[in-house]
Amino acid sequence: MAHRWTKAARAGLAALALCALLPLGAGAAPAGVTIWGYQEGMAKAQSPDGKFGYANARREVVIPMQYTSVLDFTLGLGQVQLGDRLGVIRQDGTYLIQPEYGSLFHMTGGLYIAQKGTKWGVVSLLPFPDGKGGTTQIFYDFVYDSARLTEVSGGEALLLTKDGETTVLPFYQINQLMLERQVPSARFPLNRGRLPDFSDVSPRSWYDLWVDLAYNLELMEGVGDNRFAPDRTMTVAEAVRLAACMESRQRGDNFHQQSVSGAVWYRSSVDYCVASGILRRGEFLDYERPVTRAEMAHIFASTSLGRAIPEKNSLERVKASVPDVKAGDYAADDIYALYAKGVLAGSDGKLTFRPGDTVTRAEAAGIAARMARMEQRITLF
């Protein structure tokens, strides 16, 4: 599941301010190519001979036009058809589900109903332990005569039929099975159909993907009047609230479901983070001032989720590569850790962090989304 970045690709990160994901291999669209339907910064591109790929907001073809058909990117995932087989890619063109299925339908939480030959099963977007020392993406094996979704007692369920017998699996049971089988990011499942439509977030914007994910994962909401305010500066209080929500989800308690209000609306989040060991009592004296990038890195890296994310990049190489953070600086170890875990990518091709600068809501959405979802983390080297 490694996603490697060339020096040229990292250089493009400057415009995306810590959080963006750029496809590789960009090139100007050739004459005759049709481009339409932007969503999450990407558009379908069709060649004169009828093949499909994807283009970015600059109308550069960044995923080759090699597919029989493609769907719009949703939550950073694009379903593609290669020949007569279906698979799923992410925005750099890397396959998350190989194109080997006759039918493929996102069910819940990153699980897909799939057809192979005449049989049906369920596959996972992310590999998980197979119980034999390896990994697998097969959640339910291809032994069923049919697999479909239905509604049971007001909630969605999966129906698996084999030899005339049907098994009904409500989604809440499937979510629990994902946890038991150690499917990565199972605490932060993708919710089919939950997408925002904020008036101030363009489908061409680099942050459209991250806003979609942060909203879908119920980590961030709008600010009212159907707006997300992507360029608004995050405060310490907002960063603490976001950390508390991630901590609560990772722990499996219900704090993140509690509403916040009042003149000091963030007090409960501060108390929760202190009790969880994320903050020290009195660590911040002014919660309503802008949070710095270094402070946000410190807060997020101190969560249970931040500590649990496995390393994707050499920590020693990260320490030698980030030019504006050195050992002994405030939150240096936290910043290095989030680079090593594929959560941070820097603000330019040199991996510059800018620790004293502020953070926008769009940038915070990207960082939170990458923490929550394994398939969005990046390998830098």
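Residues -28 to -1, 1 to 353 in mature numbering (1 follows the signal peptide of the UniProt record, and there is no 0) are what the sequence shown spells out, letter by letter.
C-beta atoms are modelled at their ideal positions from N, C-alpha and C, and glycine is treated no differently.
None of the values given here were measured: they were computed from a predicted structure.
Point to revise | Burial state of Glu152 (16 or more Cβ within 10 Å) | key: exposed
Check your understanding: Exposed or buried, which one is Glu193 when buried takes at least 16 other CB atoms within 10 Å?
Key -> exposed
Practice item. Let me know the secondary structure DSSP gives Ile281 once reduced to three states. Key: coil
Check your understanding: Roughly how many whole angstroms lie between the Cα atoms of Glu335 and Met268?
Key -> 11 Å
Check your understanding: Just how far apart, CA to CA, sit Gly59 and Ala17?
Key -> 18 Å
Exercise for review: May I ask which residues mark the beginning and end of the alpha helix (DSSP H) holding Trp8?
Suggested key: From DSSP, Trp8 is part of no alpha helix (DSSP H) but of the beta strand (DSSP E) over Thr6 to Gln11.
Check your understanding: Under three-state DSSP, which class holds Ile339?
Key -> helix
Review point. Which partner residues does Phe77 have in the DSSP bridge list?
Key: Ile85
Exercise for review: Starting from the Cα of Leu149, find the closest Cα among Leu121, Leu181, Pro101 and Gly106 and give me that residue.
Suggested key: Pro101
**Study point:** Supposed close pair Ala341, Ala186 - CB separation, criterion 8 Å
**Key:** 5 Å
Practice item. Scan the region 138 to 213 and note each continuous alpha helix (DSSP H) run of 4 residues or more that stays entirely inside, going in chain order. Key: 143 to 152 and 180 to 188
Practice item. Grab me the residues of Ala337's own chain with a C-beta within less than 6 Å of its C-beta, minus the 5 sequence neighbours each way, in chain order. Key: Trp182, Val183, Ala186 and Met192
Review point. DSSP on Ser319, reduced to helix/strand/coil?
Key: coil
Practice item. Quick one: residues in its chain with C-beta nearer than 8 Å to the C-beta of Lys298, no 5 flanking neighbours on either side, listed in chain order? Key: Ala304
Exercise for review: Using three-state DSSP, classify Ala273 as helix, strand or coil.
Suggested key: helix
Review point. In whole angstroms, what separates the C-alpha of Gly254 from that of Ala211?
Key: 16 Å
Check your understanding: So Asp164 packs on Met79, CB below 8 Å; how close in whole Å?
Key -> Note on residue identity: the sequence assigns Arg, not Asp, to residue 164. Arg164 to Met79, Cβ: 7 Å. Contact.
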